[in-house]
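Peer 1: The opening position of the sequence shown corresponds to residue 1 in this note's numbering, with each subsequent residue numbered one higher.
Glycine is no exception: its CB is placed at the ideal position from the N, C-alpha and C atoms.
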Amino acid sequence: MAACLNLGGDFLLVSRMGLGLAGAAWATVASQVCAAALLLRVLGQRKLLDAPKPSRRADAAGASGASAAPADTRATIVAICSFAPFIFVMAIKVVMHNACAATAASLGGAPAAAHTALMAVAWLCFTFGDVGSSLAQAYLPAFSSTTPAGERPPKHHFDLAAAKPTIAMLLRVTISISATVVLLSSFIIGVFSSQLTPDVTVQRQMRRVLPLMVATLATHGTAVTLEGLLPARKAFRGLTLAYTGVLLSVAGGLLLVRNSAAGLLGVWAVYVWYCAGRAIAFAALGGLLAA
Numbered sequence: 001m002a003a004c005l006n007l008g009g010d011f012l013l014v015s016r017m018g019l020g021l022a023g024a025a026w027a028t029v030a031s032q033v034c035a036a037a038l039l040l041r042v043l044g045q046r047k048l049l050d051a052p053k054p055s056r057r058a059d060a061a062g063a064s065g066a067s068a069a070p071a072d073t074r075a076t077i078v079a080i081c082s083f084a085p086f087i088f089v090m091a092i093k094v095v096m097h098n099a100c101a102a103t104a105a106s107l108g109g110a111p112a113a114a115h116t117a118l119m120a121v122a123w124l125c126f127t128f129g130d131v132g133s134s135l136a137q138a139y140l141p142a143f144s145s146t147t148p149a150g151e152r153p154p155k156h157h158f159d160l161a162a163a164k165p166t167i168a169m170l171l172r173v174t175i176s177i178s179a180t181v182v183l184l185s186s187f188i189i190g191v192f193s194s195q196l197t198p199d200v201t202v203q204r205q206m207r208r209v210l211p212l213m214v215a216t217l218a219t220h221g222t223a224v225t226l227e228g229l230l231p232a233r234k235a236f237r238g239l240t241l242a243y244t245g246v247l248l249s250v251a252g253g254l255l256l257v258r259n260s261a262a263g264l265l266g267v268w269a270v271y272v273w274y275c276a277g278r279a280i281a282f283a284a285l286g287g288l289l290a291a
């Protein structure tokens, strides 16, 4: 939703009203505000923003004078820690996109404007590609099991052999989606770039970077689909290590771009690595590359 609003805002403020970079910035801010408002509305409709009601167990504990605070505190800490890998992954993704945007902005002029327009289209396409992650999280946990609670230590098992046909099906869906977004982005940038910006120099920059953008979108869906395999296997350490490697490699790549004449092509080369590198890493950590 945010990507669609951002793209529409860019079209209106940049192309029709001629506000340039300022218009692109306002479009981004407005899209995020609207997305947050829609999210709050959905959460409110589902009663997730209401204050929690005290449970009967808590009332009984209070009436008897017993305190369950220590146990509740430990359970809360464990629950929070279980989300740590996901919070870390989300933080890396945010840092990645912001660092690329900052590097592109440091280039100034046409490259900075072209990156803003390209990202408006890319975010729309990323949204379609993210479907693979949702499908993986929906289908792959069915192949996961844990030893009975009475056994120590409890062990987690993932039946990779049984899951492979499902994984292959998910990848086929992902490839179809990736092909669609590649065609969509190529059509928008190749044919309608003048609708995103009237500046011919910026349009030329956009078309020059288009092959790298296509490579990014072609591998993004596969990366997020295979990423869903690691939570299903409870491979949280592997997920954390993979994104640590991503963070370091992206930081090194962007530093190289800043200190060279690679320009906007260098920024999008980092994007290609970000998507393709994750796809390879997750396939290896998920056991798909094992003989």
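#1: For glycine 301, count neighbouring C-beta atoms within 10 Å of its own C-beta (all shown protein chains included) and say buried if the count is 16 or more, exposed if not.
#2: Residues in the same chain with beta-carbon distance under 7 Å from leucine 184, minus the five sequence neighbours each way, listed in chain order, please.
#3: When you compare only the Cα positions, how much space is there between serine 145 and lysine 93?
#4: Return the bridge partner residues of histidine 156 from the DSSP annotation.
#5: Need the endpoints of the alpha helix (DSSP H) that glycine 228 sits in, please.
#6: Is it the case that the region 269-277 contacts the region 210-218, given that we only count it when at least three CB pairs across the two stretches are under 8 Å?
#7: So, do the region 107-117 and the region 259-268 have three or more beta carbon pairs nearer to each other than 8 Å?
#8: Tell me the DSSP secondary structure of asparagine 259 in three-state form.
#9: My output table needs one value for proline 198: the three-state DSSP class, helix, strand or coil.
#10: For the putative contact between alanine 114 and valine 209, defined by C-beta atoms under 8 Å, what is the C-beta separation to the nearest angstrom?
#11: Any heavy atom of the ligand NAP closer than 7 Å to the Cβ of glutamine 137?
#12: What does the alpha-carbon distance come out to for the pair isoleucine 188 and methionine 90?
#13: Classify alanine 299 as helix, strand or coil using the three-state DSSP reduction.
#14: Please list, in chain order, all residues of the same chain as serine 64 whose beta carbon is under 7 Å from its beta carbon, the five residues on each side excluded.
#15: When the distance is taken between beta carbons, is threonine 222 closer than 8 Å to leucine 289?
#16: Between alanine 163 and chain B, is there a C-beta pair that is closer than 8 Å?
#17: Going along the chain, which residues of its own chain have a beta-carbon closer than 6 Å to the beta-carbon of cysteine 100, five neighbours each way excluded?
#18: Could you check where the alpha helix (DSSP H) with proline 111 kicks off and where it finishes?
#19: From this set, Arg278, Thr103, Phe128, which residue's C-alpha is nearest threonine 116's C-alpha?
#20: So the candidates are His157, Pro165, Val121, Ala122; which of them puts its Cα closest to the Cα of alanine 136?
#21: Between the Cα of alanine 179 and the Cα atoms of His156, Pro141, Ala218, which residue gives the shortest distance?
#22: Can you tell me which of the three DSSP states leucine 289 falls into?
#23: Report the residue from Gln205, Ile177, Ser176 whose alpha carbon sits nearest the alpha carbon of glycine 190.
Peer 2: The answer reads as follows:
#1: Look at the range of the chain in this structure, 1 to 291, and you will see that residue 301 is not part of it.
#2: Looking up residue 184 in the sequence shown gives position 184. Hits under 7 Å: Cys125.
#3: Taking the sequence shown and counting its residues from 1, the one referred to as residue 145 is at position 145. Taking the sequence shown and counting its residues from 1, the one referred to as residue 93 is at position 93. For serine 145 and lysine 93, the distance between alpha carbons rounds to 29 Å.
#4: Within the sequence shown, numbered from 1, the residue matching residue 156 stands at position 156. For histidine 156, the pairing in a beta bridge is given by DSSP as Thr146.
#5: As a first step, residue 228 must be located in the sequence shown, where it is residue number 228. Looking at the DSSP string, glycine 228 is not in any alpha helix (DSSP H), and its letter there is neither H nor E.
#6: Verdict: yes, contact present.
#7: Three or more Cβ pairs drawn from the region 107-117 and the region 259-268 lie within less than 8 Å of each other, which places the two stretches in contact.
#8: Position 259 of the sequence shown, counting from 1, holds the residue named residue 259. Reduced to three states, the DSSP call for asparagine 259 is coil.
#9: For the purposes of this step, residue 198 is identified with residue 198 of the sequence shown, where counting begins at 1. It is coil, neither helix nor strand.
#10: For the purposes of this step, residue 114 is identified with residue 114 of the sequence shown, where counting begins at 1. For the purposes of this step, residue 209 is identified with residue 209 of the sequence shown, where counting begins at 1. That belief holds up - the Cβ atoms of alanine 114 and valine 209 are roughly 7 Å apart, short of 8 Å.
#11: Ligands in the displayed structure: none, and consequently the ligand NAP is not present.
#12: Residue mapping note: residue 188 aligns to position 188 of the sequence shown, counting from 1. Residue mapping note: residue 90 aligns to position 90 of the sequence shown, counting from 1. Their backbone Cα atoms lie some 29 Å apart in a straight line.
#13: Past the edges of the chain, shown from 1 to 291, lies residue 299, and the structure says nothing about it.
#14: Indexing the sequence shown from 1 puts residue 64 at position 64. Low local confidence applies: a pLDDT of 48 at serine 64 is under 50, so the model's placement there is unreliable, and no value is given.
#15: The residue labelled residue 289 in the question sits at position 289 within the sequence shown. The residue labelled residue 222 in the question sits at position 222 within the sequence shown. 8 Å or more divides the Cβ of leucine 289 from the Cβ of threonine 222.
#16: Given the protein chain composition of this structure (a single chain), no chain B is represented.
#17: Position 100 of the sequence shown, counted from the first residue, corresponds to residue 100. Short of 6 Å from the beta carbon of cysteine 100, and not among the five residues preceding or following it, lie these beta carbons of its own chain, in chain order: Val267.
#18: Counting from 1 along the sequence shown, the entry for residue 111 is found at position 111. That run of the alpha helix (DSSP H) goes 109-129.
#19: Within the sequence shown, residue 116 is the residue found at index 116, counting from 1. Answer by Cα proximity: Thr103.
#20: Along the sequence shown, one-based indexing puts residue 136 at 136. Of the candidates His157, Pro165, Val121, Ala122, the one whose C-alpha sits nearest the C-alpha of alanine 136 is Pro165.
#21: Counted from its first residue, the sequence shown places residue 179 at position 179. The option with the nearest alpha carbon to alanine 179 is Ala218.
#22: The residue labelled residue 289 in the question sits at position 289 within the sequence shown. Three-state DSSP puts leucine 289 in coil, outside helix and strand.
#23: Looking up residue 190 in the sequence shown gives position 190. The shortest Cα separation from glycine 190 among Gln205, Ile177, Ser176 belongs to Gln205.
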